[in-house]
Amino acid sequence: MVRAFLGLALVVARLAAAYPRTCATARTRGLSCADHNVTTRDGYVLETHTVWNARVASPARVVVLQHGLIDSSETWVANYGGESLARQLADDGWLVYLANSRGRPPYRHATLGPDDAAFWAFSWDEMAALD
């Protein structure tokens, strides 16, 4: 069971490299975006993003959006036009931070790679406490 899950996770990891990153998608939707890396205490390097509307003088409010399970920050910018939540918030003057949890592309760790079984040895507890 675990071996099958790890195999599927590796396939997903390799496929994810072919898809655009969150900031690339945000920019095609007319938003400004910056990438940031955050390293957790247990070594996972999480990619996060800041999104804003450059036409808004200076965002006065800040909000953090965290995706659900089996998802990524891309979900907040994927809709076209003004339909995504990140776009609506940015248009209303918010500085929007888009967080990702471990197990999402680009799959980085300080000492482990996605081919290592130990990379995937985490639970929802670690995701909630450390991400």
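Residue numbering for the sequence shown follows our numbering, beginning at 1 and increasing consecutively.
Ideal placement from N, C-alpha and C gives every residue a C-beta, glycine not left out.
Keep in mind the model is a prediction, meaning the values are calculated, not measured.
TODO: Look at the Cβ atom of Val63, then the Cβ atom of Leu31, and state whether they are nearer than 8 Å.
DONE: Within the sequence shown, numbered from 1, the residue matching residue 63 stands at position 63. Within the sequence shown, numbered from 1, the residue matching residue 31 stands at position 31. No; because the gap between Cβ atoms is not below 8 Å, this pair is not in contact.
Open item on the list: What residue range does the alpha helix (DSSP H) around Thr111 cover?
Closed with: Translated into the one-based positions of the sequence shown, residue 111 becomes position 111. First-last for Thr111: undefined, no H or E at that position.
- [ ] Find the nearest neighbour of Leu130 within the set Tyr44, Asp35, Ala24 and Thr22, judged by alpha-carbon distance.
- [x] Residue mapping note: residue 130 aligns to position 130 of the sequence shown, counting from 1. Measuring from the Cα of Leu130, the nearest candidate turns out to be Tyr44.
- [ ] Taking 8 Å as the cut-off, decide whether the C-beta atoms of His49 and His36 are in contact.
- [x] Start at 1 with the first residue of the sequence shown, and residue 49 comes out as number 49. Start at 1 with the first residue of the sequence shown, and residue 36 comes out as number 36. A contact, by the Cβ cut-off of 8 Å.
Open item on the list: Please classify Trp94 as buried or exposed, where buried requires at least 16 other C-beta atoms within 10 Å of its C-beta.
Closed with: Residue 94 sits at position 94 when you count from the first residue of the sequence shown. That one is buried.
- [ ] Just list the beta strand (DSSP E) runs in the stretch 49-77, keeping only unbroken ones of 3 residues or longer that don't cross its boundaries, in chain order.
- [x] 61-66
Open item on the list: With three or more C-beta pairs closer than 8 Å as the rule, is the stretch 92-108 touching the stretch 54-61?
Closed with: yes
Open item on the list: Can you find the residues in the same chain that come closer than 6 Å, C-beta to C-beta, to Val56, ignoring five residues on each side of it along the sequence?
Closed with: Taking the first residue of the sequence shown as 1, we reach residue 56 at position 56. Excluding residues within five positions, the ones whose Cβ falls inside 6 Å are Gly93.
- [ ] Might you give, ordered along the chain, the residues of its own chain that have their beta carbon closer than 8 Å to the beta carbon of Arg41, omitting 5 neighbours on each side?
- [x] Position 41 of the sequence shown, counted from the first residue, corresponds to residue 41. Excluding sequence neighbours, Arg41 sits near Leu130.
Task: Ile70 versus Ala54: straight-line alpha-carbon distance, rounded - done: Residue mapping note: residue 70 aligns to position 70 of the sequence shown, counting from 1. Residue mapping note: residue 54 aligns to position 54 of the sequence shown, counting from 1. Going from the Cα of Ile70 to the Cα of Ala54 covers about 30 Å.
- [ ] Report back the beta-carbon spacing between Arg87 and Arg29 to the nearest angstrom; my notes put them in contact at under 8 Å.
- [x] Here residue 87 refers to the residue found at position 87 when the sequence shown is read from its first residue. Here residue 29 refers to the residue found at position 29 when the sequence shown is read from its first residue. Yes, Arg87 and Arg29 are in contact; Cβ-Cβ is about 6 Å, under 8 Å.
Open item on the list: For the alpha helix (DSSP H) containing Thr28, name the first residue and the last one.
Closed with: Here residue 28 refers to the residue found at position 28 of the sequence shown. Per DSSP, Thr28 belongs to the alpha helix (DSSP H) from Thr22 to Thr28.
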